[in-house]
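>
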Ligand code: GLU
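Numbering (this note's numbering), first residue to last: 2 to 497.
Have a look at this one:
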């Protein structure tokens, strides 16, 4: 059997979109599963819209996701001569022809067809020009496009789509389509096929939005004497209102970069995107790389569109909740060293990175990440909700203050008094601290929860968290005492 070869051919006109990333991932999975090759080919023929920045962004996005390729990046513009040469070959072999119809003529015909409620397609005026007629028009300097000569046949033309099954179109609906513009530039439709032939592509997994091209492309393969690859068209990704997700209507949440910047673990995003349009046929939702490569089948790509479940407004669920939950799963189960590595840039960005986290405070740092990750959803949470672990400069959750501090005005005196008692607490461990807190609560005739919750609000700024006795132990005596003394009066001043 010949080598399985797939490609990811993005047009570099923007950032890497999650829909594009999903396409890349499916092609990559198939290539990996069949010991094949994945080729990265940048389709940069649209010079006006292609940018260097976009190329860089796409490559960085793929690298961040861990989607590796075996060949490329190749650039479509490098092969411009080949595209022209293919058109010439099609002309030479009578598979294409020069069409001198002007825009005005075509518009008039289109309008007439529209009025007569006939199909709007090219009527083949230039299809049977004699070589002399063509030469004459060329000599007169008339501009022309090159059209593909669609064979006139009875019945239907079609192909077996790996996802959608048999796709057919009546031959009568086919027209002689343009493959080279009047400025001599081959159309994308043709370039794409020429490149796929050169790159010996065997399978094409792409969005259903490209299906309008597929049958015409299959005709081009045939005309160039090449075997068409296997096609698999994936469903589109729609929002809850069934609109295609796009930057214009959904903003940055459609960019892979957004997930990187919002504390996603790369593989968690891959895992989520794969499930957006593919299902393993079981309830399994979490897949290691090896498991996914093993489980992936083109035939299990969904036929119907996938829904990106996102509602604007909830800051906790800033994207599809399933994506966040999958990310949280990885955050809580990956090795703590890996989490530390992934979290580091967020600490740096928040200005709370300490080189000692990789030195003498390493063990402490890992312990804190491990203690806190259970409640967190993204890597950013360590530096927002978890900020008080690493800095005295943290914010108080207003709900925590309202519920657990302001309700008991006496805390203004109690907490600093407790700080004095804690100063003499030895050894400083969770067990002892629990006893001290319970004794103190009894001495002021309150439930322990009143004291414990208030301390959590003051010392961590939060309403919830790990066991407070352990928090105190791990944060250390100095920090806890200092905060009880200094933050308590400030909090009551804030109340006014
Ligand atoms: N360059 C096209 C795109 O970015 C890909 C077309 C194809 O997969 O054939 O949508």
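Cβ coordinates follow ideal geometry from the N, Cα and C atoms, glycine included. If you're wondering where the values come from, they're calculated on a predicted model, not measured in any experiment.
Does the region 105-125 come close enough to the region 220-236 that 3 or more CB-CB pairs lie under 8 Å?
Judged by Cβ distances under 8 Å, the region 220-236 makes no contact with the region 105-125, as fewer than three pairs qualify.
> Would you mind working out which of 21, 215 and 346 sits nearest residue 266, comparing C-alpha positions?
Taking the first residue of the chain shown as 1, we reach residue 266 at position 265. Ranking 21, 215 and 346 by Cα distance to residue 266 puts 346 first.
> Could you tell me the distance, in whole angstroms, from the CA atom of residue 19 to the CA atom of residue 470?
To locate residue 19, count along the chain shown from 1; it is residue 18. To locate residue 470, count along the chain shown from 1; it is residue 469. Taking the straight line joining both Cα atoms gives about 43 Å.
> Measure from the alpha carbon of residue 29 to the alpha carbon of each residue in 207, 187 and 377, then state which is nearest.
Position 28 of the chain shown holds residue 29. Checking every option, the nearest Cα to that of residue 29 belongs to 207.
> So, is residue 238 buried or exposed, given that buried needs 16 or more other C-beta atoms within 10 angstroms?
Indexing the chain shown from 1 puts residue 238 at position 237. Its Cβ being crowded by 16 or more others within 10 Å, residue 238 is buried.
> Assuming contact is defined by CB atoms lying nearer than 9 Å, are residue 75 and residue 200 in contact in what I supplied?
For this step, residue 75 is matched to residue 74 along the chain shown. For this step, residue 200 is matched to residue 199 along the chain shown. It is a contact, given that the beta carbons lie within the stated cut-off.
> Where do the N-terminal and C-terminal ends of the alpha helix (DSSP H) with residue 423 fall, by residue?
On the chain shown, residue 423 is found 422 positions in, with the first residue counted as 1. 412-424 is the extent of the alpha helix (DSSP H) around residue 423.
> Would you check whether the ligand GLU has a heavy atom nearer than 8 Å to the C-beta of residue 10?
Along the chain shown, one-based indexing puts residue 10 at 9. Answer for residue 10: yes, Cβ within range of the ligand GLU.
> Along the chain, where does the alpha helix (DSSP H) containing residue 363 start, and where does it finish?
Position 362 of the chain shown, counting from 1, holds the residue named residue 363. Taken as a continuous stretch (DSSP letters only), the alpha helix (DSSP H) holding residue 363 covers 363-373.
> In terms of residues, what are the limits of the alpha helix (DSSP H) holding residue 255?
Along the chain shown, one-based indexing puts residue 255 at 254. Note, residue 255: premise wrong, no alpha helix (DSSP H); not H, not E.
> Counting along the chain, where does the alpha helix (DSSP H) carrying residue 435 start and finish?
Position 434 of the chain shown, counted from the start, is the residue given in the question as residue 435. Looking at the DSSP string, the run of the alpha helix (DSSP H) that includes residue 435 is 431-444.
> Where in the region 297-357 do unbroken runs of the alpha helix (DSSP H), each at least 4 residues long, occur, reported from the N-terminal end onward?
If we require 4 residues or more, the alpha helix (DSSP H) runs fully inside the region 297-357 come out as 322-334 and 337-350.
> Is it true that the CB of residue 100 sits closer than 9 Å to the CB of residue 80?
The count along the chain shown starts at 1 and reaches residue 80 at position 79. The count along the chain shown starts at 1 and reaches residue 100 at position 99. In this structure, residue 100 does not lie closer than 9 Å to residue 80 by Cβ.
> Could you spell out the range, first to last residue, of the beta strand (DSSP E) harbouring residue 162?
Position 161 of the chain shown, counting from 1, holds the residue named residue 162. Residue 162 -> beta strand (DSSP E) spans 157-162.
> Using C-beta distances below 6 Å, list every residue in its chain close to residue 488, excluding the 5 sequence neighbours before and after it, in chain order.
Mapped onto the chain shown, residue 488 falls at position 487. 459, listed in sequence order.
> Quick one: give me the first and last residue of the alpha helix (DSSP H) that residue 90 is part of.
As a position in the chain shown, residue 90 is number 89, starting the count at 1. Start and end: 81-93.
> Going by DSSP in three states, residue 115 sits in which element: helix, strand or coil?
On the chain shown, residue 115 is found 114 positions in, with the first residue counted as 1. Helix, per DSSP.
> Quick check: residue 317 and residue 402, are their CB atoms within less than 9 Å of each other?
To locate residue 317, count along the chain shown from 1; it is residue 316. To locate residue 402, count along the chain shown from 1; it is residue 401. Not in contact: residue 317 and residue 402 (Cβ atoms no closer than 9 Å).
> Just curious, the beta strand (DSSP E) that residue 98 is in, first and last residue?
Here residue 98 corresponds to residue number 97 of the chain shown, with the count starting at 1. First-last of the beta strand (DSSP E) with residue 98: 97-100.
> Between which two residues does the beta strand (DSSP E) harbouring residue 191 extend?
For the purposes of this step, residue 191 is taken as the residue at position 190 of the chain shown. Unbroken run through residue 191 is the alpha helix (DSSP H), 189-199; no beta strand (DSSP E).
> Using alpha carbons as the reference points, say which of 331, 357 and 251 lies closest to residue 313.
The residue given as residue 313 occupies position 312 in the chain shown. Residue 313 has its Cα closest to that of 251, out of 331, 357 and 251.
> Buried or exposed: where does residue 121 fall if 16 or more other Cβ atoms within 10 Å of its Cβ makes it buried?
As a first step, residue 121 must be located in the chain shown, where it is residue number 120. Flag for residue 121 reads exposed.
> Return yes when the C-beta of residue 211 is under 8 Å from any heavy atom of the ligand GLU, and no when it is not.
For the purposes of this step, residue 211 is taken as residue 210 along the chain shown, with counting starting at 1. Yes, the Cβ of residue 211 comes within 8 Å of a heavy atom of the ligand GLU.
> Enumerated in chain order, which unbroken segments of the alpha helix (DSSP H) with a length of 4 residues or greater are wholly contained in the region 25-77?
Qualifying alpha helix (DSSP H) stretches, in chain order: 53-66.
> Quick check: the Cα distance between residue 494 and residue 407, rounded to an integer number of angstroms?
Here residue 494 corresponds to residue number 493 of the chain shown, with the count starting at 1. Here residue 407 corresponds to residue number 406 of the chain shown, with the count starting at 1. Answer to the nearest angstrom: the Cα atoms are 11 Å apart.
> Answer yes or no: the CB of residue 24 versus the heavy atoms of the ligand GLU, is any distance below 8 Å?
Here residue 24 refers to the residue found at position 23 of the chain shown. Flag set: Cβ of residue 24 near the ligand GLU.
> So the alpha helix (DSSP H) residue 143 belongs to, where does it begin and stop?
Residue numbering aside, residue 143 sits at position 142 when the chain shown is read from its first letter. From DSSP, residue 143 is part of no alpha helix (DSSP H); its letter is neither H nor E.
> Using the C-alpha atoms, what's the distance from residue 478 back to residue 448?
Working through the chain shown from its first residue, we reach residue 448 at position 447. Working through the chain shown from its first residue, we reach residue 478 at position 477. If you take the alpha carbons of residue 448 and residue 478, they lie about 23 Å apart.
> If the criterion is Cβ atoms closer than 9 Å, does the pair residue 16 and residue 324 meet it?
Taking the chain shown and counting its residues from 1, the one referred to as residue 16 is at position 15. Taking the chain shown and counting its residues from 1, the one referred to as residue 324 is at position 323. No, these two residues do not count as a Cβ contact at 9 Å.
> Mind checking whether residue 452 and residue 415 have CB atoms under 9 Å apart?
By 1-based counting over the chain shown, the position of residue 452 is 451. By 1-based counting over the chain shown, the position of residue 415 is 414. Against a cut-off of 9 Å, the Cβ pair of residue 415 and residue 452 comes out as a contact.
> I'd like the span of the alpha helix (DSSP H) that includes residue 389, first residue to last.
Counting from 1 along the chain shown, the entry for residue 389 is found at position 388. Element bounds for residue 389: n/a, residue is neither H nor E.
> Say yes only if the C-beta of residue 386 is nearer than 8 Å to one or more non-hydrogen atoms of the ligand GLU, and no if none qualify.
One-based indexing of the chain shown puts residue 386 at position 385. No, Cβ of residue 386 sits at least 8 Å from all heavy atoms of the ligand GLU.
> Any idea what DSSP makes of residue 451, helix, strand or coil?
The residue you call residue 451 lines up with position 450 of the chain shown. Residue 451 falls in the helix class under three-state DSSP.
> For residue 439, which residues of its own chain have a beta-carbon under 7 Å away from its beta-carbon, when the five flanking residues on both sides are left out?
Against the chain shown, residue 439 aligns to sequence position 438. Once the five neighbours on either side are set aside, the close Cβ partners of residue 439 are 449.
> For residue 13, does the three-state DSSP call read helix, strand or coil?
By 1-based counting over the chain shown, the position of residue 13 is 12. Here residue 13 sits in coil by DSSP.
> How many whole angstroms separate the CB atoms of residue 26 and residue 68, which I take to be in contact at a CB cut-off of 8 Å?
Along the chain shown, read from residue 1 onward, the residue named residue 26 stands at position 25. Along the chain shown, read from residue 1 onward, the residue named residue 68 stands at position 67. The Cβ separation is near 6 Å, so the contact holds.
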